[in-house]
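The next block holds one structure in the form of structure tokens; read it before the comments.
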Amino acid sequence: MLQHSPIVYSEPFGAYLVFRYDDVRSVFQDYKTFSSALYDGLSTELTFDNQIQGMDPPRHTQLRALAAHAFTPKAVADLEPRIREIADYLIDAMLAGQDIDFVQQFAVPFPVRVIAEMLGVPEEDFDRFKVWSDIIVEISERLLTGQTEELPEHVAAYKEMKQYFQTMIHQRRAEPRNDLISRLAAAEVDGQQLTDLEAINFCLILLVAGNETTTNLITNLIRTFAEHPKQWKLLRQRRDLIPQAVEEVMRYRTPVQLMFRLVTQETEISGTKLKAGDRVVLYLGAANRDPAKFERPDTFDITRPASPHLTFGHGIHFCLGAPLARLETSIALQVLLDQLDAFEIPPAEALEPLTSFNILGLRKLPIAVKG
53 MLQHSPIVYS
63 EPFGAYLVFR
73 YDDVRSVFQD
83 YKTFSSALYD
93 GLSTELTFDN
103 QIQGMDPPRH
113 TQLRALAAHA
123 FTPKAVADLE
133 PRIREIADYL
143 IDAMLAGQDI
153 DFVQQFAVPF
163 PVRVIAEMLG
173 VPEEDFDRFK
183 VWSDIIVEIS
193 ERLLTGQTEE
203 LPEHVAAYKE
213 MKQYFQTMIH
223 QRRAEPRNDL
233 ISRLAAAEVD
243 GQQLTDLEAI
253 NFCLILLVAG
263 NETTTNLITN
273 LIRTFAEHPK
283 QWKLLRQRRD
293 LIPQAVEEVM
303 RYRTPVQLMF
313 RLVTQETEIS
323 GTKLKAGDRV
333 VLYLGAANRD
343 PAKFERPDTF
353 DITRPASPHL
363 TFGHGIHFCL
373 GAPLARLETS
383 IALQVLLDQL
393 DAFEIPPAEA
403 LEPLTSFNIL
413 GLRKLPIAVK
423 G
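Reading the sequence shown from the start, the letters are residues 53 to 423 in my numbering.
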């Protein structure tokens, strides 16, 4: 596909699929021709039209600069001790039981707890976060495939989420605390305070981006090492390879497989002409295994040199939370290396993948600890 059909039209998506690394990177880079404003003109309450990842400059530039303060290297580094405490607690609790489901006992609660604490959400509400996150993904995937009919359960959940965060934003404006919601509630762009809807949608995207990608990245990590025990043994001997191992898992099993863009003017990709109004789907999983960019692309190798993968995107929409995701995954890996000499998982055909067309992960992942 990469060599012979670098771009093809997909009827189910109503869009052109782009596979090659260089093409995907070029589309990310050219935000004027390939817009992120996918939902403009859709008449539905569930369009998330004030979310930063669905904006173009100049508003995107203003809001991204605002959000970036929460994810500076120093801000993320300051979180490390608490993130390690959470990881240690969850791993100890998981290994104390008889039947281990890595997804439900660690990969899900770990990033949910981290982002919830960053936002300033009470612990009793942590479980609601994962439910809401899954619903947002479902809504987004329906909209991206042209299904604009509003399902009652989605509308009800979306209203519940908005009301929850609106209440918290109003509380923080009245009584600020040292948390991310307080900073959003007080934030200004060009002397103007964020609207309630902008602040709410910031919370929603942080909710999803702060846990969905990392949950599946960590799940994919443990699955991949179970399938490559020699690589696990090597990493136990060479802890200095942890950063490379994290990057290689992101390349080899990319958690978010697709990104969507809207064509704004006549252009072409690899000889295929596109017109304004066409949609393109960037296939990150394929780009990250492009043999023109990566030697032995289908081989999982933690000694691979620094990988310029596109897992976090590229250009103005490069994932703000990338430093946090990398830190969480590195800490999870360190804790697992401390605790697990060796482990096994069921064969691939016995695993239950997510039903999402876009998110690569598993619903459950039983683990048998060895040694």
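A virtual CB, placed ideally from N, CA and C, is assigned to each residue, including glycine.
Check whether residue i and residue j have beta carbons under 8 Å apart
i: Leu-336; j: Gln-309; result: yes
i: Ile-167; j: Ala-278; result: no
i: Phe-154; j: Thr-316; result: no
i: Lys-182; j: Val-207; result: no
i: Ile-191; j: Tyr-210; result: yes
i: Ile-143; j: Val-387; result: yes
i: Leu-273; j: Thr-381; result: yes
i: Arg-229; j: Leu-389; result: no
i: Tyr-73; j: Ala-358; result: no
i: Asn-263; j: Val-421; result: no
i: Ser-259; j: Trp-184; result: Note that residue 259 corresponds to Leu in the displayed sequence, not to Ser. Yes.
i: Tyr-304; j: Phe-254; result: no
i: Ser-408; j: Glu-193; result: yes
i: Met-146; j: Phe-158; result: yes
Close-in-space but distant-in-sequence residues of the same chain around residue i (CB under 8 Å, 5 per side omitted)
i: Glu-318; result: Lys-325, Leu-326, Lys-327, Ala-328
i: Leu-406; result: Asn-268, Leu-412, Gly-413, Leu-414, Arg-415
i: Arg-331; result: Phe-65, Gly-66, Ala-67, Tyr-68, Leu-90, Phe-312, Arg-313, Leu-314, Val-315
i: Ile-135; result: Val-166, Leu-379, Glu-380, Ile-383
i: Ala-120; result: Leu-372
i: Gly-149; result: Gln-157
i: Leu-293; result: Leu-286, Leu-287, Ile-354, Thr-355
Residue i, DSSP secondary structure in three states
i: Lys-182; result: helix
i: Thr-381; result: helix
i: Tyr-141; result: helix
i: Asn-102; result: Annotation note: pLDDT 47 at Asn-102 (below 50); position unreliable, coordinate value reported separately. If DSSP states are grouped into helix, strand and coil, Asn-102 belongs with coil.
i: Thr-276; result: helix
i: Pro-405; result: strand
i: Leu-326; result: strand
i: Ala-358; result: coil
i: Glu-193; result: helix
i: Glu-250; result: helix
i: Glu-201; result: coil
i: Leu-94; result: Caution applies to Leu-94, whose pLDDT of 43 falls short of 50 and renders its modelled position unreliable; the value that the coordinates give is listed next. DSSP places Leu-94 in coil when its eight states are reduced to three.
i: Glu-320; result: strand
i: Met-255; result: Correcting the residue identity first, residue 255 is Cys in this sequence and not Met. Cys-255 falls in the helix class under three-state DSSP.
i: Leu-372; result: coil
i: Arg-288; result: helix
i: His-222; result: helix
i: Glu-347; result: coil
Own chain partners of residue i with C-beta closer than 7 Å, once the 5 adjacent residues on each side are dropped
i: Arg-341; result: Pro-349, Asp-350
i: Glu-320; result: Leu-326
i: Glu-175; result: none
i: Pro-375; result: Phe-123, Pro-125, Val-128
i: Asn-410; result: Glu-193, Val-308, Gln-309, Leu-310
i: Gln-391; result: Ile-143, Leu-147
i: Pro-281; result: Ala-394
i: Met-302; result: Leu-269, His-361, Thr-363
i: Lys-345; result: Tyr-73
For residue i: DSSP bridge partner residues
i: Phe-86; result: Val-315
i: Lys-422; result: Ala-394
i: Gln-245; result: Glu-240
i: Ile-411; result: Val-308
i: Arg-331; result: Leu-314
i: Val-298; result: Looking at the DSSP assignment, Val-298 forms no beta bridge with any residue, so it has no partner.
i: Leu-69; result: Val-60, Val-333
i: Asp-153; result: Pro-418
Cβ distance (whole Å) where residue i is taken to contact residue j below 8 Å
i: Leu-69; j: Ser-78; result: The pair is not a contact, with the Cβ atoms about 15 Å apart (cut-off 8 Å).
i: Glu-16; j: His-361; result: What the structure shows of the chain is the stretch from 53 to 423, and residue 16 is not part of that stretch, so it cannot be assessed.
i: Ala-377; j: Thr-276; result: Wrong, their Cβ atoms sit about 16 Å apart, outside the cutoff.
i: Leu-372; j: Arg-116; result: 7 Å
i: Ile-187; j: Leu-256; result: Rounded, the Cβ-Cβ distance is 10 Å, inconsistent with contact.
i: Ala-139; j: Ala-297; result: Not really, about 16 Å apart at Cβ, beyond 8 Å.
i: Leu-118; j: Ala-261; result: Not a contact, Cβ separation roughly 15 Å.
i: His-369; j: Ser-87; result: Going by Cβ atoms, the distance from His-369 to Ser-87 rounds to 11 Å, so no, they are not a contact pair.
i: Asp-75; j: Ile-59; result: 7 Å
i: Ser-283; j: Ile-354; result: Note that residue 283 corresponds to Gln in the displayed sequence, not to Ser. Right, the Cβ-Cβ distance comes to about 5 Å (below 8 Å), so this counts as a contact.
Proximal residues to residue i (C-beta, below 6 Å), its chain only, five neighbours per side dropped
i: Asp-248; result: Gln-218
i: Met-170; result: Leu-232
i: Pro-64; result: none
i: Val-333; result: Phe-65, Ala-67, Leu-69, Leu-310, Phe-312
i: Thr-306; result: Leu-336, Gly-337, Asn-340, Thr-363
i: Pro-295; result: none
i: Ser-95; result: Confidence at Ser-95 is low in this model, with a pLDDT of 42, below 50, so its placement is unreliable and no value can be given for it.
i: Met-213; result: Trp-184
i: Leu-403; result: Leu-414
i: Arg-224; result: Ile-233, Ser-234, Ala-237
i: Ile-221; result: Ala-237, Ala-251
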